[in-house]
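Written out below as structure tokens is the structure these notes cover.
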Amino acid sequence: MKNILIVLLGPTGVGKTDISIDLATRFNCEIISADSRQFFREMRIGTAVPTDLQLNTINHHFIQFRQVKDYYSSSLFERDVLELLPKLFSKNNIALMTGGSGMYIDAVCYGIDDIPDVDPLVREKYISKYKEEGIESLRAALKLLDPEYYSKVDLKNYKRIIRALEICETAGRPYSSFLIKQKRERDFTKIIIGLERNREDLYNRINLRVDEMVKSGLEQEALQLYDFRNLNALNSVGYREYFDFFDGLISREKAIELIKRNSRRYAKRQITWWNKNQEIKWFSPEKVEEIIEYISESIKG
RNA sequence: GGUCGGUUAACCGAGUGGCUAGGUAGCGGUCUGCAAAACCGUUUACGGCGGUUCGAAUCCGCCACCGACCU
Numbered sequence: 178m179k180n181i182l183i184v185l186l187g188p189t190g191v192g193k194t195d196i197s198i199d200l201a202t203r204f205n206c207e208i209i210s211a212d213s214r215q216f217f218r219e220m221r222i223g224t225a226v227p228t229d230l231q232l233n234t235i236n237h238h239f240i241q242f243r244q245v246k247d248y249y250s251s252s253l254f255e256r257d258v259l260e261l262l263p264k265l266f267s268k269n270n271i272a273l274m275t276g277g278s279g280m281y282i283d284a285v286c287y288g289i290d291d292i293p294d295v296d297p298l299v300r301e302k303y304i305s306k307y308k309e310e311g312i313e314s315l316r317a318a319l320k321l322l323d324p325e326y327y328s329k330v331d332l333k334n335y336k337r338i339i340r341a342l343e344i345c346e347t348a349g350r351p352y353s354s355f356l357i358k359q360k361r362e363r364d365f366t367k368i369i370i371g372l373e374r375n376r377e378d379l380y381n382r383i384n385l386r387v388d389e390m391v392k393s394g395l396e397q398e399a400l401q402l403y404d405f406r407n408l409n410a411l412n413s414v415g416y417r418e419y420f421d422f423f424d425g426l427i428s429r430e431k432a433i434e435l436i437k438r439n440s441r442r443y444a445k446r447q448i449t450w451w452n453k454n455q456e457i458k459w460f461s462p463e464k465v466e467e468i469i470e471y472i473s474e475s476i477k478g
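Under the working numbering, the first residue of the first sequence carries the number 178, and numbering increases by one thereafter.
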């Protein structure tokens, strides 16, 4: 019997969590969360982690298993998921992965090139270089070390340039030489389900959900994480806006308004990411029966 | 009824005769390691009708609407 990974994806607020519970119950499988912020145990309200009831009903993996100070990446996620899957498949040939982090999902589904780990000090060096000398000096360095990538990158995006530079230095060869971009074969079948709603409904849901998070104490949660505000994990919608409020830069109302806006934009970016993936079969979250039917058919076929 | 001020894109808002202000929201996109990140692109509007002018958002007249004050 072949192993199957059902992937349930969709923009933030579309309704993935509830459906993932339905599907996991129906197919008697466990859930792998592919949400780059739900990984962190200190971030609960702002990342809309499943309820305790949901977590108790279905076995979840990769939820709140790291601390905000920990380093984690899509590559580590690929490794960890591929390590976990055989264990899940030994119990049942179906597993369900759900989430909204496009790059993490792609890493599991299609693989990601092997690129050496970077010494944090090297990274620090280039970050300082950027801060002190500006992006122009980064460009100049990249042009020298990796002209091929230089001709392709977005030269205004300092993050991309820094990444390339730190790899060049660590490996002693151009970053672009690592970018094979070959899809990896997987020993399981993927069934990729996308959830979509019309834009207006989605945005209304996002706005309402933010209000609910606020009622549930998002401000308090953010306040507790204030000391960690410079960590990458906290450079997240729902937290950084509150940090600005704590710093007196904006009003509380403004912070909440910005959380809504930034969540909407995030959702749009997610949609854009998936737009070009022809493997995704899209459904309305209202049509759970159709999704189940589609999965059942795919499993048989 | 009168006097004055105002009416600019979804919103805010600058612009006094020719040269697409700007901002925000929205929309579209990029993407191989902290990705809920970072970055890029984008909407040619001047309340209505006439007039002056080679040319009007800009000047003139009338009308409509909004606001303030007067009666």
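The beta-carbon is built from N, C-alpha and C at its ideal position, and this holds for glycine as well.
Subject >> Distance between I433 and L385 (C-alpha atoms, nearest Å) >> reply: Against the first sequence, residue 385 aligns to sequence position 208. Against the first sequence, residue 433 aligns to sequence position 256. Distance between the alpha carbons of L385 and I433 is about 11 angstroms.
Original post:
What's the C-alpha gap between V391 and M178?
Top reply: Within the first sequence, the letter at position 214 stands for residue 391. Within the first sequence, the letter at position 1 stands for residue 178. C-alpha separation (whole angstroms): 46 angstroms.
Subject >> Close beta carbons around D323, own chain, < 7 angstroms, minus the five adjacent residues each side >> reply: Stepping through the first sequence from its first residue, residue 323 is reached at position 146. Same-chain partners within the cutoff: A341, C345, P351, Y352, S353.
Original post:
Run through DSSP, which three-state label would M280 get?
Top reply: Translated into positions along the first sequence, residue 280 becomes position 103. Three-state result, M280: helix.
Original post:
By Cβ distance below 8 angstroms, which residues in the same chain neighbour R221 in space, the five residues on each side in sequence not counted?
Top reply: Sequence index remark: in the first sequence, residue 221 carries index 44 (1-based). So the list reads Q241, E398, once near-sequence residues are dropped.
Original post:
Can you give the Cα-Cα distance for W451 and K431, rounded to whole angstroms?
Top reply: Residue numbering aside, residue 451 sits at position 274 when the first sequence is read from its first letter. Residue numbering aside, residue 431 sits at position 254 when the first sequence is read from its first letter. Distance between the alpha carbons of W451 and K431 is about 30 angstroms.
**OP:** With DSSP as the reference, please indicate the residues paired to L273 in a beta bridge.
**Re:** Position 96 of the first sequence, counting from 1, holds the residue named residue 273. Looking at the DSSP assignment, L273 forms a beta bridge with I183, I208.
**OP:** Return the chain-ordered list of same chain residues with a C-beta closer than 6 angstroms to the C-beta of T366, the five sequence neighbours on each side being excluded.
**Re:** Reading the first sequence from its first residue, position 189 is the one you call residue 366. Cβ within range, chain order: K179, I181.
Subject >> Cβ neighbour criterion (16 or more within 10 Å) applied to A284 >> reply: For the purposes of this step, residue 284 is taken as residue 107 along the first sequence, with counting starting at 1. Around the CB of A284, 16 or more other CB atoms lie within 10 Å, so the residue is classed as buried.
**OP:** Return helix, strand or coil for L408, following the three-state DSSP convention.
**Re:** For the purposes of this step, residue 408 is taken as residue 231 along the first sequence, with counting starting at 1. Of the three classes helix, strand and coil, the one that applies to L408 here is coil, per DSSP.
Original post:
Is the beta carbon of I183 less than 8 angstroms from the beta carbon of E207?
Top reply: As a position in the first sequence, residue 183 is number 6, starting the count at 1. As a position in the first sequence, residue 207 is number 30, starting the count at 1. No. Outside cutoff.
Original post:
In angstroms, rounded to a whole number, what distance separates the CA positions of T228 and Q215?
Top reply: As a working mapping, residue 228 is identified with position 51 in the first sequence. As a working mapping, residue 215 is identified with position 38 in the first sequence. In a straight line, the C-alpha of T228 is about 12 angstroms away from that of Q215.
Original post:
Three or more beta-carbon pairs under 8 angstroms between the region 198 to 213 and the region 276 to 283, yes or no?
Top reply: yes
Original post:
Any heavy atom of the ligand NAP closer than 7 angstroms to the Cβ of T189?
Top reply: Judged by which ligands are present, the structure shown has none, so any question about the ligand NAP falls away.
**OP:** Look at the alpha carbon of K306 and the alpha carbon of P188, and state the distance between them as a whole number of angstroms.
**Re:** Stepping through the first sequence from its first residue, residue 306 is reached at position 129. Stepping through the first sequence from its first residue, residue 188 is reached at position 11. Computed Cα separation, rounded: 35 angstroms.
**OP:** Provide the residue(s) that pair with W459 in DSSP beta bridges, ordered along the chain.
**Re:** Against the first sequence, residue 459 aligns to sequence position 282. According to DSSP, W459 bridges with G371.
Subject >> Residues bridged to T366 [DSSP beta-bridge criterion] >> reply: Against the first sequence, residue 366 aligns to sequence position 189. Bridge partners of T366: I181.
**OP:** For R376, name the three-state secondary structure that DSSP assigns.
**Re:** Start at 1 with the first residue of the first sequence, and residue 376 comes out as number 199. It is helical.
Original post:
Given a threshold of 16 other Cβ atoms within 10 Å of its Cβ, counted over all protein chains shown, does G190 qualify as buried or as exposed?
Top reply: As a working note, residue 190 is residue 13 in the first sequence. Counting Cβ neighbours within 10 Å, G190 comes out buried, since at least 16 surround it.
Original post:
If you count every other CB in all the chains shown that lies within 10 Å of the CB of T202, and 16 or more means buried, which is it?
Top reply: Residue mapping note: residue 202 aligns to position 25 of the first sequence, counting from 1. That one is exposed.
**OP:** State buried or exposed for R446, treating a residue as buried only when at least 16 other CB atoms are found within 10 Å of its CB.
**Re:** For the purposes of this step, residue 446 is taken as the residue at position 269 of the first sequence. It is exposed - the Cβ of R446 has fewer than 16 other Cβ atoms within 10 Å.
Original post:
Alpha carbon to alpha carbon, how far is T224 from A444?
Top reply: Position 47 of the first sequence, counted from the start, is the residue given in the question as residue 224. Position 267 of the first sequence, counted from the start, is the residue given in the question as residue 444. Annotation: T224 to A444 spans about 13 angstroms, alpha carbon to alpha carbon.
Subject >> Residues of its chain near V414, where Cβ-Cβ distance is below 8 angstroms and the 5 sequence neighbours each way are ignored >> reply: The residue you call residue 414 lines up with position 237 of the first sequence. Within the same chain, V414 has close Cβ partners G223, I436, N439, S440, Y443.
**OP:** Specify, as a first and last residue, the run of the alpha helix (DSSP H) that F420 falls within.
**Re:** Numbered from 1 along the first sequence, position 243 holds the residue referred to as residue 420. Its alpha helix (DSSP H) spans residues 417 to 423.
**OP:** Leaving aside the five residues before and after D421 along the sequence, list all residues of the same chain whose C-beta is less than 6 angstroms from its C-beta, in chain order.
**Re:** The count along the first sequence starts at 1 and reaches residue 421 at position 244. If we look at D421 and ignore the five residues flanking it on each side, its Cβ neighbours are I427.
**OP:** Could you say which of L400, D378, E396 lies nearest to E463 if we only look at CA atoms?
**Re:** Residue mapping note: residue 463 aligns to position 286 of the first sequence, counting from 1. For E463, the nearest C-alpha among the options comes from D378.
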